[in-house]
Amino acid sequence: MTGDELAAIYRDYIGGLNRRDWPALGQFVHEEVVHNARPLGLAGYRAMLERDVREIPDLQFHVEMLISDPPRIAARLKFDCTPAGAFLGLAVNGKRVSFCENVFYELRDGKIRQVWSVIDKAAIEAQL
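The numbering used here numbers the first residue of the sequence shown as 18 and each following residue consecutively.
Here it is as structure tokens:
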């Protein structure tokens, strides 16, 4: 798989997240996916994303930067949203906040197998 092909798959994955196309998640995410050293599996990963959307109903993933070096992807995702209650232990409670997530992925068999994610919590704190 080339870097351009991998980037296209990732953009399709992000599009599915933004459409809330949970049944299609298995096209992009490995059955044994691990997120920040926690083995979640596909069902757990889907549950995590569904919880995020319940807590942040207007959540949309915007790719600000994308680097593809098969079998890895590095992305900077931008968010501008209104978490309904507490988010990352912060009392956001419906206030609109903007922040970024730096996330790295490793694919196996053409699907996301490892995810390492860091959210810029300090940016949110500065807005509260």
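A virtual CB, placed ideally from N, CA and C, is assigned to each residue, including glycine.
Residue i to residue j span [Cα, whole Å]
i	j	result
TYR122	VAL50	10 Å
ASP126	LEU34	20 Å
TYR62	HIS52	8 Å
ILE31	LEU42	10 Å
SER115	MET18	34 Å
LEU83	ASP97	18 Å
LEU57	ALA143	31 Å
ALA108	THR99	11 Å
Candidates the options, of which the one nearest residue i by Cα
i	options	result
GLU81	MET18, ALA24 and ILE141	ALA24
VAL72	ALA103, ARG55, VAL114 and ARG37	Looking at the sequence itself, residue 72 is Glu, so the reference to Val does not match. Here the closest residue by C-alpha is ALA103.
CYS117	ALA139, PRO40, GLY32 and ARG55	ALA139
ARG93	ASP137, VAL46 and ASN110	ASP137
ALA101	ILE90, PRO87 and LEU76	LEU76
Span of the beta strand (DSSP E), counted from its first residue to its last, around residue i
i	result
LYS128	128-136
ASN119	114-125
VAL80	79-86
ASP97	89-98
8 Å contact criterion, which residue i and residue j should meet: CB distance rounded
i	j	result
PHE78	ILE129	About 14 Å separates the two Cβ atoms, so there is no contact after all.
Unbroken alpha helix (DSSP H) run spanning residue i, endpoints
i	result
VAL50	That residue, VAL50, is in no alpha helix (DSSP H); its beta strand (DSSP E) goes 46-52.
GLY33	20-36
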